[in-house]
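Below you'll find the structure, written out as structure tokens, and then a few comments.
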Amino acid sequence: MNAPLYNAEILRLAASIPYHERLTAPMATAERRSPICGSRVTVDVDMGADGRVAAVGLLVRACALGQASSSLLASSIVGRTPAELAAARDAITAWLARTGDAPDWPGMDVFAPALDYTARHPSIRLAFEAAAEAAEAAANNASGHAEVSVTAPASASAGTDV
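In structure tokens, the structure reads:
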């Protein structure tokens, strides 16, 4: 790939994350952390009566790729079901591993230059992993608050590139 990894669109997305404040009393919270670089993304969600994400809050402490991915997630998460978020997470994971087609999430093509940089993949996945977990936890625990905190396994992010 000849395209620069940190291009202008990645940097623009990283600087403009929607919902960049935590929810006061979310139905569920999930946090994902990359053991490789320490990037951390926390996602709060509230679900509507229709079973779709009604509100989202984010705390993003990540590199530009993690911030840009969080921005893309936040731009299109409201109105999604837990199943749709899980499908997006799985599609992004497969695409980055080159075992699946490009994901059907708006704007993800901006990460095409990162396909060859496997050590960067966990940062790109963090927001989608946390969102899928939070939405599922909220749907399964509609009567209270659920909290999930996970560190991505090192084997999922191992790579020889930097």
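The opening position of the sequence shown corresponds to residue 888 in my numbering, with each subsequent residue numbered one higher.
Glycine included, each C-beta is placed from N, C-alpha and C at the ideal position.
For residue i, which beta-bridge partners are listed by DSSP?
i    : result
G944 : D931
Out of the options, which one is the CA nearest neighbour of residue i?
i     : options                 : result
P993  : I964, T986, P969        : I964
T986  : L1002, F998, M995, D996 : L1002
S956  : A978, M995, A941, G935  : M995
G966  : A981, A936, D991        : A936
I979  : F998, A970, T968        : F998
A1021 : A981, T968, D991        : T968
Please go through the same chain and pick out, in chain order, the residues whose beta-carbon is closer than 6 Å to the beta-carbon of residue i, but skip the five residues on each side of it.
i     : result
E1016 : R919, R976
R909  : D931, G944, L946
A890  : P1000
Y906  : V943, G944, L945, A961
A1019 : L972, A973, R976
Does residue i pass the burial test, meaning 16 or more other C-beta atoms within 10 Å, or should it be called exposed?
i     : result
D931  : buried
A1026 : buried
E896  : exposed
D933  : buried
L898  : exposed
Using a Cβ-Cβ cutoff of less than 8 Å, which residues in the same chain neighbour residue i once the five nearest sequence positions on both sides are dropped?
i     : result
L1013 : R919, R920, S921, S926, R927, V928, A949, G953, S956, S957, A1039
To which residues of the same chain is residue i closer than 7 Å at the C-beta, ignoring the five residues directly before and after it?
i    : result
I904 : L945, V947, Q954, S957, S958, A961
A902 : none
Three-pair Cβ contact test at 8 Å for the segment 912-931 versus the segment 1005-1015: yes
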